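Take a look at the structure below.
Residue numbers (this note's numbering): 1 to 256.
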């Protein structure tokens, strides 16, 4: 196990479900004038993830978002096996999605109610009695330091504020694994630092395993372990400092 130890004690993240990929490949058939042509997106991924916080580093189009979407069955592998706590994300989707919370790059993909408070109440509808939902939803917003947004229209919020609200809605259902796809894309510096502190705190206070994709190498330094994805393959797996150094070399070699 690679442990950075920067933010979390040794026990942080313990008890969160283990994630394993065995010979996992994903691809699509492209329609061409000469017939269907298989285009690989991920090829032969073999990793077991059990650290408290893990970064997936890669350029746009490298396959890192597809890798994350395998965690809860948003994407299905063409071959190989994905297991979350011993469960198949496709065959046992309900059990897996109760364990895995997913925050998309664009929060508009998952905010459906007029206000942040109502959106989180919607997330809580199967877990909390109606009379208690308002207070429970507000408590989640307070935990993230955005209670002042509770009754604002989501359409009036900045991209960064919407991202934090989407995160709050996912955390409301108490996932054991939190997956974030490019979480800093819409954030200014202040909200990026806020998210950095929040994720570190979640690992400790909730015991959540946090996995995020990024090409923000400074943000990747938050993690205990980092995978580098290039052209659909995991080409490096180490502590973040070494992984970011390797990624820089990869980018420079591609541009030369």
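Idealized CB from N, CA, C, for every residue including glycine.
Predicted model, so just to flag it, every value in this text is computed and none were measured.
Residue 115 carries a coil assignment under DSSP once its states are collapsed to helix, strand and coil. If you check the CB distance, residue 186 and residue 178 do not come in under 9 Å.
The beta strand (DSSP E) runs lying completely inside the segment 117-197 and spanning 3 residues or more are 177-181, given in chain order. Taking C-beta separations shorter than 6 Å and ignoring five residues to either side along the sequence, the partners of residue 81 in its chain run 22, following chain order. The secondary-structure analysis by DSSP pairs residue 38 across a beta bridge with 29. Residue environment analysis places residue 135 among the exposed positions, since fewer than 16 neighbouring C-beta atoms fall within 10 angstroms of its C-beta. For residue 190 and residue 32, the gap between their C-alpha atoms comes out near 46 Å.
Of all C-beta pairs linking the segment 84-103 to the segment 115-130, fewer than three are shorter than 8 Å, placing the two stretches out of contact. Looking at the backbone, the Cα of residue 183 and that of residue 34 are separated by about 39 Å. When C-beta atoms of the segment 238-245 are compared with those of the segment 217-226, three or more pairs fall below 8 Å, so the two segments count as touching.
In this structure, the beta-carbon distance from residue 40 to residue 62 does not fall below 9 Å. Taking a C-beta distance under 9 Å as the contact criterion, residue 211 and residue 57 do not qualify as a contact pair.
Less than 9 Å separates the beta-carbon of residue 144 from that of residue 167. A distance of 9 Å or more separates the beta carbons of residue 165 and residue 124. Classified as buried, residue 209 has 16 or more neighbouring CB atoms from the shown chains inside 10 Å of its CB. Here residue 243 carries a helix assignment [DSSP, helix/strand/coil].
Each of 92, 29, 44 and 45 was checked against the Cα of residue 38, and the nearest Cα belongs to 29.
Around residue 235, the same chain offers 228 as residues with beta carbons nearer than 6 Å, after the five sequence neighbours per side are excluded.
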